[in-house]
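Asks:
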Amino acid sequence: MIELINVTKVYGKDKVAVDDVTLTINDGEIFGFLGPNGAGKTTAIKMITGITPLTAGDILIDGKSIVRDALEAKQLFGLVPDDPNVLLRLKGIEYLNFIATVYDVPKDARDERIKKLAKKFNLSNDLGNRIETYSHGMRQKLLVIGVLLHDPNNWILDEPMTGLDPHSSFVMKEMMREHADNGNTVFFSTHVLEVAEKVCDRIGIIAKGKILFVGTVPELREFLHADESDKSLEQLFLELVGDE
Ligand SMILES: Nc1ncnc2c1ncn2[C@@H]1O[C@H](COP(=O)(O)OP(=O)(O)O)[C@@H](O)[C@H]1O
Ligand SMILES: [Mg+2]
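Heads up, the sequence shown is in the working numbering, so the first residue is 14 and it goes up one at a time.
#1: Going by Cα to Cα distance, which pick from I106, G51, G45, P94 is closest to K28?
#2: Taking Cβ to Cβ, would you say L100 is nearer than 9 Å to L140?
#3: Any chance the CB of N98 is under 8 Å from a heavy atom of ligand 2?
#4: For the pair the stretch 33 to 43 and the stretch 236 to 248, tell me if three or more CB-CB distances fall below 8 Å.
#5: Looking at chain D, is there any beta carbon in it that lies within less than 9 Å of the beta carbon of T21?
#6: Could you please give me the residues that DSSP links to E247 through a beta bridge?
#7: When every heavy atom of ligand 2 is checked, does at least one fall within less than 8 Å of the C-beta of T65?
#8: May I ask you to list the residues that DSSP assigns as paired with G45?
#9: What is the rounded straight-line gap between the Cα of V212 and the Cα of K120?
#10: Report all residues from its chain with a CB closer than 8 Å to the CB of L253; omit the five preceding and five following residues, and keep chain order.
#11: Taking Cβ positions, are I74 and L89 nearer each other than 9 Å?
#12: Any chance you could list the beta strand (DSSP E) runs of at least 3 consecutive residues sitting entirely within the stretch 109 to 197, in chain order?
#13: Suppose you measure from the CA of P49 to the CA of I127; what does that come to, to the nearest Å?
#14: Take A86 as the anchor and find which of K133, T68, L136, M60 has the nearest alpha-carbon.
#15: To which residues of the same chain is I106 closer than 7 Å at the C-beta, ignoring the five residues directly before and after it?
#16: Closer than 8 Å to a non-hydrogen atom of ligand 1 - does that hold for the CB of I61?
#17: Check whether the Cβ of K54 lies closer than 8 Å to any heavy atom of ligand 3, and answer yes or no.
#18: For the alpha helix (DSSP H) holding K87, just list the boundary residues, first then last.
#19: So, are the CB atoms of G70 and I15 less than 9 Å apart?
#20: Have a look at E145, L84, V20 and flag the residue whose alpha-carbon is nearest the alpha-carbon of R102.
#21: Is it buried or exposed, T198, if we count other Cβ atoms within 10 angstroms and call 16 or more buried?
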């Protein structure tokens, strides 16, 4: 469970990237954080995961504050960041072993999980190569495997489908569903309504740092009067967030 309580982020003197956001993502649900580029999604995720400090408010991960109990809170989630260009000189397998060490995954469980996950994402033959030789999609998959490796309750993924091939994207969605169905929390951001529509139990729409809507996709249809309009949900959504 992830709770944002009156969270605000101001960059520099007056660039308000996230504006007084209050939001609860429950156990057992896939929550899509939806909004156009520049809406504040990545900034929110960086605050949830303790990468960037909050200007105001608080964030709780399974009840632990990322502000006050940062070390404990950080053990409770796995993050797939939007920029998968990490530790490029490491080999894939070195990165995964590094993550397993940081999160104290026992040696035997580690090897078995790496093998299974690499197979699932078609990455088995590449783990011996340096990450710098990987495509964007392969880097993304490696990060996903890293998160799954330490098996945290809360998954936080920033634009996870970007750059994934259709097969991996399908595997990703299936695993997100399975994780949520097991009573865990999946929080992911996307700027694509169609992606959110397909996989989310609930969505939150953010634009210019403010939450405009939280609910299910059918509730969004109702909110936008989609059934009475000759426009598509996508068009109505774009009008809501003020995108051209
Ligand atoms: N480090 C930063 N310094 C100043 N402004 C930033 C910084 N990071 C993001 N911003 C600004 O904050 C707003 C939200 O950005 P971001 O959180 O990356 O949005 P999204 O992930 O939804 O595309 C944008 O206007 C962006 O230009
Ligand atoms: Mg972003």
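Glycine residues also receive a C-beta, built at the ideal position from the N, C-alpha and C atoms. Small disclaimer: the values here were computed from a predicted structure and weren't measured.
Replies: Quick look at the numbers:
#1: It is G51 whose Cα lies nearest to the Cα of K28.
#2: Going by C-beta atoms, L100 is not nearer than 9 Å to L140.
#3: Checking the Cβ of N98 against ligand 2 gives no.
#4: By the Cβ criterion, the stretch 33 to 43 is not in contact with the stretch 236 to 248, since fewer than three pairs of Cβ atoms, one from each stretch, lie closer than 8 Å.
#5: The structure shown contains no chain D; it holds only a single protein chain.
#6: Answer is none; E247 lacks a bridge partner.
#7: Distances from the CB of T65 to the heavy atoms of ligand 2 are all 8 Å or more.
#8: As computed with DSSP, G45 is found in a beta bridge with F201, I216.
#9: Spanning the two alpha carbons is a distance of roughly 33 Å.
#10: I218, A220, L225, F226, L237.
#11: In contact: I74 and L89 (Cβ atoms closer than 9 Å).
#12: For the stretch 109 to 197, whole beta strand (DSSP E) runs of length 3 or above, ordered along the chain, are 167 to 171.
#13: When only Cα atoms are considered, P49 and I127 end up about 35 Å apart.
#14: For A86, the nearest C-alpha among the options comes from M60.
#15: The answer, listed in chain order, is L140, G141.
#16: It does not: the Cβ of I61 is nowhere closer than 8 Å to a heavy atom of ligand 1.
#17: Summarising the ligand content, the structure contains ligand 1 and ligand 2 and does not contain ligand 3.
#18: Per DSSP, K87 belongs to the alpha helix (DSSP H) from 83 to 87.
#19: Cβ atoms of G70 and I15: not closer than 9 Å.
#20: The residue with the shortest Cα to Cα distance from R102 is E145.
#21: A residue is called buried when at least 16 other Cβ atoms come within 10 angstroms of its Cβ; T198 meets this threshold and is buried.
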